[in-house]
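Protein sequence lines correspond, in order, to chains A and B.
Going by the numbering used here, the residue at position 66 of the first sequence is 270; the numbering climbs one at a time, nothing skipped.
Going by the numbering used here, the residue at position 9 of the second sequence is 383; the numbering climbs one at a time, nothing skipped.
Positions of the beta carbon are idealized from the N, C-alpha and C atoms, including for glycine.
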Amino acid sequence: MSAEDTPKDYSESPINLEYFYTAGSATTRFLNQVKEGNIVGQGCPKCKAVYVPPRGSCPRCGVATDIEVPLIDKGCIESFTVVHIPIPGNPIVPPYVCAMIRLDGANISFLHLIQDVDIENIRIGMRIQAVWKPKEEWTHSLENIKWFAPIDEPDVDVATLRFQES
Amino acid sequence: MIQAGVIGVGQTKYDAKRRDVSMAGLVREAIDNAMLAANLEWDAIDAVILGKAPDMFEGVIMPELYLADAIGAVGKPVLRVHTAGSVGGSTAVIAASHVCSGQFKTVLTVTFEKQSESNATWALSPRYPYSPHINAGAGGYFAPFIREYIRRYEAPEHIGWKVAAKDRQNALKNPLAHLHIPGIDEKMVSDTPMLWEPLRYLESCPSSDGACAMVITAQDQVGSRNVAWIKGMAVRSEGTLSAGRDEVNPQAGIDCAKDIYNQAGIHNPYNEIDCAEIYVPFSWYEPMWLENLGFCDLGEGWKLTDKDATAIDGGLPFNMSGGVLSSNPIGASGMIRFGEAALQVMGLAEDHQVDDAKVAMGHAYGGAAQFFAMWIVSSSLD
């Protein structure tokens with residue numbers, strides 16, 4: 205029996221789904237600033253926690269984060285992993301460093317890349333700063349930041365980063 | 375409150391690809407085994423409660439509707455539960471709650487995942503708009519939390535290898551387990567490629583097809599059946615992106631464990647619980663949960679693992695069935711923990727039975743480690 209004659213009980217048929225994504229008011233405010241090269245977190249009026257990227261509400265207090273809090277593009281590595289597997293359809297080449305970035309003045313972290321440093325020298329608590337794409341490439345996306353790179357400042361004790369209501 | 379107990383646990387054979395059955399065939403295999411174990415006829419079932427992880431894993435939206443025949447739910451109340459990876463545990467808790475409340479006398483509950491129908495790793499890591507696409511599966515998400523645990527408590531790297539080897543050695547005693555790796559040991563684990571530092575290939579769970587079902591009934595329906603009495607159960611969640619959250623030691627996990635210990639009258643969980651099936655999809659979550667669940671002080675979890683306390687003949691056996699590291703149909707993985715805990719106190723765990731197990735714990739977590747579900751089962755009602 206040839207291969208064509210072998211009965212098949214299984215076949216793969218991938219499907220492609222496209223979604224329309226509505227950012228919502230809080231994310232829209234944030235992304236409009238990101239397009240201009242600014243990182244503006246949002247603060248909780250009750251506990252004063254600062255969220256970046258903001259989701260529009262404080263999960264601690266259940267209230268809208270209606271205070272705009274301009275931040276700088278410096279911070280530290282709260283933790284990280286070195287990824288050794290490729291992401292299908294993504295040009296990024298392993299190994300690459302995916303880090304929890306905690307910006308100065310922010311009370312949560314977000315994931316971004318670390319580059320311009322030997323992987324073995326990356327540490328929890330290391331100080332880092334955003335490396336931006338050229339201004340003409342800026343869009344409504346945190347992809348305006350190519351990656352974060354280490355800066356020559358003393359490491360941070362990450363235990364001191366935990367938010368406590370004052 | 376009405377006392378409830380598990381009178382039947384049914385599981386499928388777990389495998390990477392169960393091409394011999396459809397989704398409906400898979401859930402029915404677990405249900406038939408549970409109904410047989412419970413020795414019940416279909417008319418004794420008052421309601422069916424189904425759980426699974428995100429529908430995009432198979433691309434079938436609200437499958438509980440199309441599965442109505444297969445799960446014996448035609449003309450009966452059906453409820454769907456959905457709490458990411460913890461769903462198997464929370465489904466069991468929701469099912470038991472409907473018995474304890476008096477709403478139903480006997481409930482059939484089933485959970486499943488047929489991961490071979492798509493690709494769970496990348497279903498979990500789609501490209502989100504307006505942000506860089508660097509998230510690479512659940513392991514990539516949890517690895518930074520694990521790295522912080524290791525840094526915080528100066529844990530040596532062999533602890534992860536040890537958990538991975540121990541759970542796979544247990545799996546060799548469980549014919550239903552997906553992974554059977556002859557001769558598995560720490561060296562074999564440490565020789566496998568790095569995926570998401572510090573996690574190596576064999577420190578990570580597989581992707582499995584499988585289902586798990588249970589029949590839960592009220593005390594007055596039990597008769598002379600073998601039963602695992604539910605002594606305490608709870609679910610908790612916390613805000614994933616909440617300021618002040620400790621991802622290494624989530625408050626929701628601490629609170630959930632305290633709740634079930636209080637319900638069950640347990641003061642010293644390490645001494646009073648005979649064995650536990652704890653959701654460990656990546657090796658390091660064993661020491662992390664040992665601490666989170668109050669079995670030891672912070673920073674002492676890896677030392678318990680290192681001293682073989684969690685081995686099948688140790689002071690507090692963990693994951694006698696092989697755990698999530700050996701079989702991982704995500705939607706069912708939590709219920710397998712709850713069901714295996716029940717089998718232990720019923721004395722039905724066969725080759726992976728812990729001698730004289732009277733009190734056992736089942737645990738599940740999910741999402742970004744913000745969903746928790748747990749229960750305590752006992753061989754006696756007292």
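Below the 7 Å Cβ cutoff, chain B contributes no neighbours of A:ILE305, its closest Cβ being approximately 11 Å away.
At a Cβ-Cβ threshold of 8 Å, B:TRP570 and B:GLY513 count as neighbours. No Cβ-Cβ contact shorter than 8 Å links B:TRP663 with B:GLY534. Within chain B, the residues placing a beta-carbon under 7 Å from that of A:PRO292 are TRP496, ordered along the chain. Along the region 379-403 of chain B, going in chain order, the ones with a CB nearer than 7 Å to a CB of chain A are ARG393.
As computed with DSSP, B:PHE486 is found in a beta bridge with B:ALA585. Taking 8 Å as the CB threshold, B:HIS507 lines the interface with chain A.
Looking only at B:ASN636, B:GLY696, B:GLY425, the smallest Cα-Cα distance to B:TYR653 is reached by B:GLY696.
Rounded to the nearest whole angstrom, the CA to CA distance from B:ASN702 to B:PRO580 is 6 Å.
ASP213, TYR214, PRO218, ILE219, LEU221, TYR223, TYR225, ALA227: these are the residues of the region 213-229 of chain A whose beta carbon lies less than 9 Å from some beta carbon of chain B, given in chain order. Burial state of B:GLY382 is buried, judged by a 10 Å Cβ sphere holding 16 or more other Cβ atoms. Across the set B:PHE669, B:ALA650, B:MET588, the C-alpha of B:MET588 shows the shortest separation from the C-alpha of B:GLY462.
The Cβ atoms of A:GLY279 and A:ASP308 lie closer than 8 Å to each other. For B:TRP496, the enclosing alpha helix (DSSP H) starts and ends at 494-497. Identification of residues in the region 333-345 of chain A having a C-beta nearer than 8 Å to some C-beta of chain B yields HIS344, SER345, given in sequence order. In the displayed model, B:ALA650 falls within a strand according to three-state DSSP. The beta carbon of B:MET562 sits no closer than 8 Å to any beta carbon of chain A.
For B:ASP389, the secondary structure class from DSSP, reduced to helix, strand or coil, is strand. If you draw a straight line from the Cα of B:SER490 to the Cα of B:ARG542, it is about 21 Å long.
Every beta strand (DSSP E) of 3 residues or more that sits fully in the region 279-352 of chain A is shown, in chain order, as 300-307, 314-318, 331-336. Look at B:MET562 here: in three-state DSSP terms it is helix. Neighbours of A:ASN311 in chain B, taken as residues at a C-beta separation under 8 Å, are given in chain order as ALA617, GLY618.
Per DSSP, B:GLN593 is not a residue of any alpha helix (DSSP H), being assigned neither H nor E. Residue B:VAL481 holds the alpha-carbon nearest to the alpha-carbon of B:ALA418 among B:VAL481, B:MET430, B:GLU660.
Contact between B:GLU651 and B:GLY736 holds, with the beta-carbon distance rounding to 5 Å and staying under 8 Å. Under the 10 Å beta carbon count, B:MET409 is surrounded by 16 or more other beta carbons and is classified as buried. In this structure, B:LEU400 sits near B:PHE486, with a CB-CB distance shorter than 8 Å.
The beta carbon of A:ASP320 lies closer than 8 Å to those of VAL335, TRP351, ALA353, PRO354 in the same chain, with the five residues before and after it left out. Annotation: B:PRO437 has no Cβ neighbours in chain A at a cutoff of 8 Å; minimum Cβ distance is about 16 Å. Using a Cβ-Cβ cut-off of 7 Å, A:LEU315 is close to ILE508, ASN509 of chain B, given in chain order. B:ALA592 is a Cβ neighbour of B:VAL473, given a cutoff of 8 Å. Closest in C-alpha terms to B:PHE746, from the list B:LEU576, B:GLY557, B:GLY627, comes B:GLY627.
Interface criterion not met: the Cβ of B:TYR440 is under 8 Å from no Cβ in chain A.
Among the residues facing chain A, B:ALA517 is included, as its CB has a counterpart in that chain under 8 Å away.
Shown here, A:PRO274 sits in a strand according to DSSP, grouped into three states. Note on geometry: alpha-carbon atoms of B:PRO451 and B:ALA442 lie some 10 Å from one another.
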